[in-house]
Amino acid sequence: MAFQINQRATTSELPSTVTPDTRSTLFNILDSTQRAFSGDEIRLILLQTQQLLDLGPSLCGIAQVNPVDNEFTFRLVINLNYPEEWVTQYLHNAYHNIDPILKRLRQQSSMCQWHTVYAECAPWSEELKAFIKKAQQFNLSDGFSASHHQKGHPAFSFLSYAYKQTTPRYVASALPILSEAILPRLLQYSQEDTHTIKERIGQLTYKEIVILTWMRTGKTNAEIAKIIDFPERNVRFHIEQLFTKLGVTSRTQAVAFSAEHQLPMLYN
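Here the working numbering is used: the first residue of the sequence shown is 3, the next is one more, and so on.
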């Protein structure tokens with residue numbers, strides 16, 4: 003169900019210091035969440051929010067905790083301008099096991115300011131001290147994070163914006179309003195996207211999966227034709243067909259798609 007916006011209720015939650023132009027832009031951003039049907043459109047909403055409120059680096063995504071083994075995975079990350087090195091280190095070092103912000107977000111739908119959560123964790127362990135110090139090296143000292151959980155669904159959506167010295171004070175009022183619009187739509191988009199991907203994969207024929215398998219091993223069209231005893235022009239035709247079905251435009255994208263979504267390796 004689309005997020006329904008009550009403009010009067012939205013603007014009444016903002017302090018009187020917020021200008022009419024800012025209120026109008028905020029409402030337009032909220033309204034655009036109802037028509038966000040792709041990752042690029044959601045990314046644009048993040049960018050508009052960042053510019054409106056003079057915020058620092060931001061990202062959002064979908065995460066999931068397996069109830070059986072408590073294994074944590076990121077299913078989707080839309081990074082606006084978080085430092086790539088920090089994101090890489092976060093994933094490589096499994097900082098999700100240390101980060102108290104993410105621990106808060108994964109428990110239930112919530113909104114929090116980083117420094118408040120850090121203060122609640124005092125006294126800090128040496129591990130947490132090292133994590134916070136590393137984040138500060140990337141100018142991620144304080145900010146806002148929020149999450150949205152849907153009952154009966156194992157995944158949850160999350161959103162984080164870092165603060166800058168020039169970030170206006172009224173963001174504390176504006177960001178909860180924005181997160182309540184963006185996060186349910188992000189989770190809904192993820193569910194729709196998963197359904198779409200399954201439909202794409204289901205359209206592949208046996209022959210196309212075989213050809214894609216050999217593409218994943220690095221074989222050329224001529225080599226594939228020889229291996230499966232098929233005319234090369236027919237191999238090219240099947241590759242064009244599977245490109246269309248998977249929504250990709252190159253061999254690299256097709257191979258990456260098949261690996262990401264764990265398509266079976268089918269040799270013939």
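The beta-carbon is built from N, C-alpha and C at its ideal position, and this holds for glycine as well.
Task: Limits of the beta strand (DSSP E) - the one that M113 falls within - done: In the sequence shown, the residue the question calls residue 113 occupies position 111. Per DSSP, M113 is one residue of the beta strand (DSSP E) stretching across 112 to 115.
Task: 8 angstroms Cβ cutoff met for S149 and L107 - done: Position 147 of the sequence shown, counting from 1, holds the residue named residue 149. Position 105 of the sequence shown, counting from 1, holds the residue named residue 107. Yes, the pair counts as a contact, with Cβ atoms nearer than the cut-off.
Task: Whole-Å CB distance - R77 paired with Q66, under 8 angstroms assumed - done: On the sequence shown, residue 77 is found 75 positions in, with the first residue counted as 1. On the sequence shown, residue 66 is found 64 positions in, with the first residue counted as 1. Rounded to whole angstroms, the Cβ separation of R77 and Q66 is 6 angstroms, and the two are in contact under 8 angstroms.
Task: Beta-carbon gap between A164 and G63 smaller than 8 angstroms - done: Numbered from 1 along the sequence shown, position 162 holds the residue referred to as residue 164. Numbered from 1 along the sequence shown, position 61 holds the residue referred to as residue 63. For A164 and G63, no; Cβs fall outside 8 angstroms.
Task: At least 3 beta-carbon pairs within less than 8 angstroms: the region 219 to 233 vs the region 173 to 192 - done: The region 219 to 233 is not in contact with the region 173 to 192.
Open item on the list: Rounded to whole angstroms, what is the Cα-Cα separation between S26 and W116?
Closed with: As a first step, residue 26 is located in the sequence shown; it is residue number 24 there, counting from the start. As a first step, residue 116 is located in the sequence shown; it is residue number 114 there, counting from the start. About 28 angstroms.
TODO: Compare the Cα-Cα distances from I47 to each of L177, G204, T219 and report the closest residue.
DONE: As a first step, residue 47 is located in the sequence shown; it is residue number 45 there, counting from the start. Of L177, G204, T219, the residue nearest in Cα terms is L177.
- [ ] Specify the secondary structure class of Q36 as computed by DSSP and reduced to three states.
- [x] As a first step, residue 36 is located in the sequence shown; it is residue number 34 there, counting from the start. In the structure shown, Q36 adopts helical secondary structure according to DSSP, grouped into three states.
- [ ] Using a threshold of 8 angstroms, state whether the C-beta atoms of I203 and L161 are closer than that.
- [x] Taking the first residue of the sequence shown as position 1, residue 203 is located at position 201. Taking the first residue of the sequence shown as position 1, residue 161 is located at position 159. No. Outside cutoff.
Task: Given G154 as reference, the closest of N68, T24, K166 once Cα atoms are compared - done: Residue mapping note: residue 154 aligns to position 152 of the sequence shown, counting from 1. Distance check between G154 and each of N68, T24, K166 places N68 closest, using alpha-carbon atoms only.
Task: Residue range of the alpha helix (DSSP H) that includes Y163 - done: Indexing the sequence shown from 1 puts residue 163 at position 161. Run containing Y163: none in the alpha helix (DSSP H); it sits in the beta strand (DSSP E), 157 to 164.
- [ ] Please confirm whether Q190 and K247 have their CB atoms less than 8 angstroms apart.
- [x] Residue numbering aside, residue 190 sits at position 188 when the sequence shown is read from its first letter. Residue numbering aside, residue 247 sits at position 245 when the sequence shown is read from its first letter. No.
Open item on the list: For the pair the region 123 to 139 and the region 26 to 38, tell me if three or more CB-CB distances fall below 8 angstroms.
Closed with: Taking 8 angstroms as the limit for Cβ pairs, the verdict is that the region 26 to 38 does not touch the region 123 to 139.
Task: Alpha-carbon spacing of F74 relative to A121, whole angstroms - done: Here residue 74 refers to the residue found at position 72 when the sequence shown is read from its first residue. Here residue 121 refers to the residue found at position 119 when the sequence shown is read from its first residue. If you take the alpha carbons of F74 and A121, they lie about 25 angstroms apart.
Task: Reduced DSSP category for R10 - H, G, I as helix; E, B as strand; rest coil - done: Residue numbering aside, residue 10 sits at position 8 when the sequence shown is read from its first letter. Note that R10 scores a pLDDT of 46, beneath 50, so its modelled location is shaky; the value from the coordinates is reported in the next line. The three-state secondary structure of R10, taken from DSSP, is helix.
- [ ] Give the straight-line distance between the Cα atoms of A261 and T251, rounded to the nearest whole angstrom.
- [x] Here residue 261 refers to the residue found at position 259 of the sequence shown. Here residue 251 refers to the residue found at position 249 of the sequence shown. The straight-line gap from Cα to Cα measures roughly 16 angstroms.
- [ ] Please name the residue in E87, A174, Q243 whose C-alpha comes closest to that of V20.
- [x] Your numbering for residue 20 matches position 18 in the sequence shown. Nearest of E87, A174, Q243 to V20, Cα basis: A174.
Open item on the list: Just to confirm before moving on: does the CB-CB distance between L180 and S159 stay below 8 angstroms?
Closed with: For the purposes of this step, residue 180 is taken as the residue at position 178 of the sequence shown. For the purposes of this step, residue 159 is taken as the residue at position 157 of the sequence shown. In this structure, L180 lies away from S159, with their beta-carbon atoms at least 8 angstroms apart.
Task: Delimiting residues of the beta strand (DSSP E) encompassing I80 - done: Taking the sequence shown and counting its residues from 1, the one referred to as residue 80 is at position 78. Per DSSP, I80 belongs to the beta strand (DSSP E) from 74 to 81.
TODO: Return the residue from the list F239, Q53, T169, R235 that minimises the CA-CA distance to D144.
DONE: Translated into positions along the sequence shown, residue 144 becomes position 142. Closest option to D144, Cα to Cα, is T169.
Task: CB contact flag (P17, Y172, <8 angstroms) - done: Walking along the sequence shown from the start, residue 17 turns up at place 15. Walking along the sequence shown from the start, residue 172 turns up at place 170. For the 8 angstroms CB-CB criterion, P17 and Y172 form a contact.
TODO: Label M267 either buried or exposed according to how many other C-beta atoms from any shown protein chain fall within 10 Å of its C-beta, with 16 as the threshold for buried.
DONE: Working through the sequence shown from its first residue, we reach residue 267 at position 265. So M267 ends up on the exposed side.
Open item on the list: On the DSSP bridge list, what partners appear for S149?
Closed with: The residue labelled residue 149 in the question sits at position 147 within the sequence shown. S149 has S112, F160 as its beta-bridge partners, per DSSP.
Open item on the list: Tell me the DSSP secondary structure of L61 in three-state form.
Closed with: Taking the first residue of the sequence shown as position 1, residue 61 is located at position 59. Residue state, collapsed to three classes: strand.
TODO: Flag this pair as yes or no: are the beta carbons of W216 and F140 separated by less than 8 angstroms?
DONE: Taking the sequence shown and counting its residues from 1, one reaches residue 216 at position 214. Taking the sequence shown and counting its residues from 1, one reaches residue 140 at position 138. Contact: no.
TODO: Consult DSSP for Q138 and reduce its assignment to one of helix, strand or coil.
DONE: Sequence index remark: in the sequence shown, residue 138 carries index 136 (1-based). It is helical.
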